[in-house]
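K.L.:
Dropping a structure here in structure tokens format, bear with me for questions.
2 protein chains.
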Amino acid sequence: MAKRMDIKTFAKELGVSTATVSRAFGSAGRISEKTREKILKAADELGYYANYNASNLGSKKSGSICFFYPEIYTEEPDYFVSEVILGINRNLDHRQVFKVTPFDENDNRILNSCKQQILDGRVSGAIILSGTKGANILASLAEKVKIPYVIIGRNPKFTTNTVDYDNEHGAFLAGKLLKRLGRKKVAYISGHLDKLKKRGFAKGFGIEMSELITVRGGAGFRYGIQAMETLRKKYPDVDGVLCANDNLAIGLINHAQKIGVSIPKDLSVVGFDDIAFSKFCNPSLSTISLNLKELGSAAVRLLEKQMSGRDKSTPAKCENEFIQCELIIREST
Amino acid sequence: MAKRMDIKTFAKELGVSTATVSRAFGSAGRISEKTREKILKAADELGYYANYNASNLGSKKSGSICFFYPEIYTEEPDYFVSEVILGINRNLDHRQVFKVTPFDENDNRILNSCKQQILDGRVSGAIILSGTKGANILASLAEKVKIPYVIIGRNPKFTTNTVDYDNEHGAFLAGKLLKRLGRKKVAYISGHLDKLKKRGFAKGFGIEMSELITVRGGAGFRYGIQAMETLRKKYPDVDGVLCANDNLAIGLINHAQKIGVSIPKDLSVVGFDDIAFSKFCNPSLSTISLNLKELGSAAVRLLEKQMSGRDKSTPAKCENEFIQCELIIREST
DNA sequence: TTGTAAGCGTTATCAT
DNA sequence: ATGATAACGCTTACAA
Numbered sequence: 095m096a097k098r099m100d101i102k103t104f105a106k107e108l109g110v111s112t113a114t115v116s117r118a119f120g121s122a123g124r125i126s127e128k129t130r131e132k133i134l135k136a137a138d139e140l141g142y143y144a145n146y147n148a149s150n151l152g153s154k155k156s157g158s159i160c161f162f163y164p165e166i167y168t169e170e171p172d173y174f175v176s177e178v179i180l181g182i183n184r185n186l187d188h189r190q191v192f193k194v195t196p197f198d199e200n201d202n203r204i205l206n207s208c209k210q211q212i213l214d215g216r217v218s219g220a221i222i223l224s225g226t227k228g229a230n231i232l233a234s235l236a237e238k239v240k241i242p243y244v245i246i247g248r249n250p251k252f253t254t255n256t257v258d259y260d261n262e263h264g265a266f267l268a269g270k271l272l273k274r275l276g277r278k279k280v281a282y283i284s285g286h287l288d289k290l291k292k293r294g295f296a297k298g299f300g301i302e303m304s305e306l307i308t309v310r311g312g313a314g315f316r317y318g319i320q321a322m323e324t325l326r327k328k329y330p331d332v333d334g335v336l337c338a339n340d341n342l343a344i345g346l347i348n349h350a351q352k353i354g355v356s357i358p359k360d361l362s363v364v365g366f367d368d369i370a371f372s373k374f375c376n377p378s379l380s381t382i383s384l385n386l387k388e389l390g391s392a393a394v395r396l397l398e399k400q401m402s403g404r405d406k407s408t409p410a411k412c413e414n415e416f417i418q419c420e421l422i423i424r425e426s427t
Numbered sequence: 095m096a097k098r099m100d101i102k103t104f105a106k107e108l109g110v111s112t113a114t115v116s117r118a119f120g121s122a123g124r125i126s127e128k129t130r131e132k133i134l135k136a137a138d139e140l141g142y143y144a145n146y147n148a149s150n151l152g153s154k155k156s157g158s159i160c161f162f163y164p165e166i167y168t169e170e171p172d173y174f175v176s177e178v179i180l181g182i183n184r185n186l187d188h189r190q191v192f193k194v195t196p197f198d199e200n201d202n203r204i205l206n207s208c209k210q211q212i213l214d215g216r217v218s219g220a221i222i223l224s225g226t227k228g229a230n231i232l233a234s235l236a237e238k239v240k241i242p243y244v245i246i247g248r249n250p251k252f253t254t255n256t257v258d259y260d261n262e263h264g265a266f267l268a269g270k271l272l273k274r275l276g277r278k279k280v281a282y283i284s285g286h287l288d289k290l291k292k293r294g295f296a297k298g299f300g301i302e303m304s305e306l307i308t309v310r311g312g313a314g315f316r317y318g319i320q321a322m323e324t325l326r327k328k329y330p331d332v333d334g335v336l337c338a339n340d341n342l343a344i345g346l347i348n349h350a351q352k353i354g355v356s357i358p359k360d361l362s363v364v365g366f367d368d369i370a371f372s373k374f375c376n377p378s379l380s381t382i383s384l385n386l387k388e389l390g391s392a393a394v395r396l397l398e399k400q401m402s403g404r405d406k407s408t409p410a411k412c413e414n415e416f417i418q419c420e421l422i423i424r425e426s427t
């Protein structure tokens, strides 16, 4: 890094003290509007900026807002996450620095690096996408070091500061829909957070969970293709499916069309998440909308509530936000 | 933040000096393997971590690798960017902290915040997605403060440390394809970085640029729908299009099908970028592949070359990387 | 409202 | 190989 002007030489240049300069940039007052303006103007001209690390060290304040999420897609971008990020970004005060950090469940080096970020003061607020062990570890850590954090997704270990949505109810709606459409035999294509989805789906369709056919899916289009293959070979009489996520559904539909299975005539397909693409596939995808962007927005609201209503030692505990699932009926059912 | 153990008390606890503790975590040697191990073990047990800001301040080293990109999609996630990020993430040494920072061309507050991040030492290496004024500003800044940076995309103002790809040639391939398919009249649906694409497209199809019909598109599905409307109303005889990006193409195809235009019979559609989804639409999308992930990987390679082969005051100038465009023929042509 | 100076928790320089 | 200590560049009592 190039050497930059420091506060001392800048202050000397202006004939004021370093304290005054510092105050000009802060929001604590204790400075006349006139000198503040003078200093800000001079800073702009002379190119003075406070050193970030020094500033944080001095004030004992720290870092940026950080979004931690498990990286489960490796070949394709995770559209779910992309849209949540969109929601976060749009609602975050843009003076806040926002950092996006994927972590790999199975790579301890990466997970440790995330842990350390929380521990060493780089993160002043964390948004954590739930659903994996790693997420739990990070959330516990945030709790322990008492930084504001919010968890997206239900998590039995954390009952406060979460943004929740009801996978079970969403899947229930899907099951009910397929029943109403007169489908005879349904299957669930698994992926992520399957337990609740299966339960809801079976209930909605009016069968026991034990009767529900489950086909292994995954995360990403290709798993949808595989699942469709399995379906054809092992369960040719299935005429309705719920997929654990939209990508899976899109891959499945794609392959169905290739092998001459007509959607929705032969097979009704319901996705999960409602990513932006779902509206633009052909056939467009019926799906359970999780209101992804709203999920991100709510997380930010919760985080900011904690950061503001806060005695300096402990972040406030906030009530949870709840995001309603919706059934979006399009052409694939 | 909760108060944590600092290096002094930790060192005292162990009966060593703070310097020794510091060395145990660093890589500069000057410490016996035995004491290092002892210290690392104790740190783990007692929960000691170096404070990030203090550490950076002391060493005059700074921050993280940062990816700056202009946020042009607001309603939908930017899939182009998502895939580039994937490429970056996969190739970055995971000890590096990676920060993703969208900026808004038109919001000076955000742009300033980015500038400040570069200036105040938070960023130790920048990857900048080119194509906008803001990108130029940030790149100039990086150049000025002498941090390693790489620019993705051609930029006449920066002739070194760039990862380049040839939009013009890609579009040329698209034009040639449509010609070969016997299409009579083509149009270009605009979006981003249009000039070179138009030139290449016209050349490939064998017409003058002035003869090329251009329909206003944008970024995002919805603009594809609009463009298809325009096409129908104003240019019903167009039988082949190149869209500036895949989203545009997908939206266009979607609407075409709704209004009874058969793809590719009535209209051949070529996209640009080759996002993951293009393979899974129906019809699947013929497109110019920019090898998005490879773009990210190359950027990291270049950045690391600068950071390693570096005398301490100035990052090395590195040769550019060049990523080949490819024509991917699928069902939409 | 402003200045002085004591931290903030490291790293790096010199000794030893 | 280790220890003492002066930076590092800022913030914030405390004084004026």
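Chains as they are written, first to last, in the numbering used here: chain V, 95 to 427; chain G, 95 to 427. Built from N, CA and C at the ideal position, the CB exists for glycine as well.
Let me know the secondary structure DSSP gives L421 (chain V) once reduced to three states.
P.N.:
strand
K.L.:
Three or more C-beta pairs closer than 8 Å, one from the segment 349-366 of chain G and one from the segment 152-164 of chain V: is that the case here?
P.N.:
no
K.L.:
Going along the chain, which unbroken runs of the alpha helix (DSSP H) with 4 or more residues stay wholly within the segment 129-158 of chain V?
P.N.:
146-153
K.L.:
Which word fits R216 (chain V), buried or exposed, when buried means at least 16 other C-beta atoms lie within 10 angstroms of its C-beta?
P.N.:
buried
K.L.:
Buried or exposed: A122 (chain G), going by 16 or more other Cβ atoms within 10 Å of its Cβ?
P.N.:
exposed
K.L.:
Considering only the beta carbon of each residue, do A370 (chain G) and I246 (chain G) sit closer than 9 Å?
P.N.:
no
K.L.:
At a CB distance below 8 Å, what residues from the segment 258-270 of chain V approach chain G? Give them in sequence order.
P.N.:
none
K.L.:
Rounded to whole angstroms, what's the CA-CA distance from R404 (chain V) to E237 (chain V)? Just pull it up for me.
P.N.:
Reliability of the predicted coordinates at R404 (chain V) is poor, the pLDDT of 45 falling under 50, and no value is obtained from them.
K.L.:
Can you pull the chain V residues whose beta carbon is under 7 Å from the beta carbon of P196 (chain G), in chain order?
P.N.:
Within chain V, the C-beta atoms nearer than 7 Å to that of P196 (chain G) come from N183, in chain order.
K.L.:
Can you check whether the C-beta of F315 (chain G) is within less than 9 Å of a C-beta belonging to chain V?
P.N.:
yes
K.L.:
Drop a sphere of 10 angstroms on the beta-carbon of E388 (chain V), count the other beta-carbons inside from all chains shown, and report buried for 16 or more, exposed for fewer.
P.N.:
It counts as buried.
K.L.:
Measuring only the C-alpha atoms, how far is D368 (chain G) from C337 (chain V)?
P.N.:
25 Å
K.L.:
If you follow the beta strand (DSSP E) that T308 (chain V) is in, where does it begin and where does it stop?
P.N.:
307-309
K.L.:
Compare the beta carbon distance of Y163 (chain V) and I212 (chain V) with 9 Å and say whether it is the shorter of the two.
P.N.:
no
K.L.:
Return yes when at least one heavy atom of the ligand GTP lies under 8 Å from the C-beta of I166 (chain G), else no.
P.N.:
Among the ligands in the structure shown, none appear at all, so the ligand GTP cannot be discussed.
K.L.:
At 7 Å on the CB atoms, spell out the chain V contacts of D214 (chain G), in chain order.
P.N.:
Y143, A144, N145, Y146
K.L.:
May I ask you to list the residues that DSSP assigns as paired with E415 (chain V)?
P.N.:
E415 (chain V) is bridged by DSSP to V:V257.
K.L.:
By Cβ distance below 6 Å, which residues in the same chain neighbour N53 (chain V) in space, the five residues on each side in sequence not counted?
P.N.:
This structure does not reach residue 53 (chain V), given that chain V is present from 95 up to 427, and the question cannot be answered.
K.L.:
Measuring straight from C-alpha to C-alpha, what distance separates Q418 (chain V) and F366 (chain V)?
P.N.:
The alpha-carbon atoms of Q418 (chain V) and F366 (chain V) are separated by roughly 13 Å.
K.L.:
Determine, using beta carbons only, whether S122 (chain V) comes closer than 9 Å to chain G.
P.N.:
The sequence as given places Ala at residue 122 (chain V); Ser does not occur at that position. Not closer than 9 Å to any Cβ of chain G, the Cβ of A122 (chain V) fails to qualify, so no.
K.L.:
Here's the rule: buried if 16 or more other CB atoms are within 10 angstroms of the residue's CB, otherwise exposed. What is E165 (chain V)?
P.N.:
buried
K.L.:
List the residues that DSSP assigns as beta-bridge partners of V280 (chain G).
P.N.:
G:G334
K.L.:
For L223 (chain V), which residues does DSSP report across the bridge?
P.N.:
L223 (chain V) pairs with V:I246.
K.L.:
Distance, Cα to Cα, A105 (chain G) vs N147 (chain G)?
P.N.:
Rounded to whole angstroms, A105 (chain G) and N147 (chain G) show a C-alpha spacing of 19 Å.
K.L.:
If we call anything under 9 Å between Cβ atoms a contact, is S380 (chain V) one with S362 (chain V)?
P.N.:
yes
K.L.:
At a CB distance below 7 Å, what residues from the segment 375-389 of chain V approach chain G? Give them in sequence order.
P.N.:
C375, N376
K.L.:
Determine the burial state of T103 (chain G): buried for a count of at least 16 other Cβ atoms within 10 Å of its Cβ, exposed for fewer.
P.N.:
exposed
K.L.:
Would you give the residue range spanned by the beta strand (DSSP E) that V194 (chain V) belongs to?
P.N.:
Run containing V194 (chain V): 192-197, per the beta strand (DSSP E) assignment.
K.L.:
Decide if K406 (chain G) is buried, meaning its Cβ has at least 16 other Cβ atoms within 10 Å, or exposed.
P.N.:
The pLDDT assigned to K406 (chain G) is 47, lower than 50, so where the model puts this residue is not dependable; a value taken from the coordinates is nonetheless given after this. With fewer than 16 other beta carbons inside 10 angstroms of its own, K406 (chain G) counts as exposed.
K.L.:
To the nearest angstrom, report how far apart G250 (chain V) and F119 (chain G) are at their CA atoms.
P.N.:
The question names Gly, yet the displayed sequence has Pro at residue 250 (chain V). Straight-line measurement puts the Cα of F119 (chain G) at about 37 Å from the Cα of P250 (chain V).
K.L.:
Closer than 7 Å by beta-carbon distance: list the chain V residues that pair up with F371 (chain G), in chain order.
P.N.:
Proximity of chain V to F371 (chain G) at the Cβ level (cut-off 7 Å) is accounted for by F371, in chain order.
K.L.:
Give the residues from the segment 333-353 of chain G that approach chain V closer than 8 Å (Cβ to any Cβ), ordered along the chain.
P.N.:
I344, G345, I347, N348, Q351
K.L.:
Residues in the same chain with beta-carbon distance under 6 Å from N341 (chain V), minus the five sequence neighbours each way, listed in chain order, please.
P.N.:
G314, F315
K.L.:
My output table needs one value for R404 (chain G): the three-state DSSP class, helix, strand or coil.
P.N.:
For R404 (chain G), the predicted model reports a pLDDT of 46, less than 50, meaning its position is unreliable; a value from the coordinates is still stated below. Assigned with DSSP and collapsed to three states, R404 (chain G) falls in coil, not helix or strand.
K.L.:
So within the segment 332-400 of chain V, which uninterrupted alpha helix (DSSP H) runs reach at least 4 residues, ignoring any that extend past its ends?
P.N.:
340-352
K.L.:
Are H349 (chain V) and M322 (chain V) touching if we call contact CB-CB under 9 Å?
P.N.:
It is a contact, given that the beta carbons lie within the stated cut-off.
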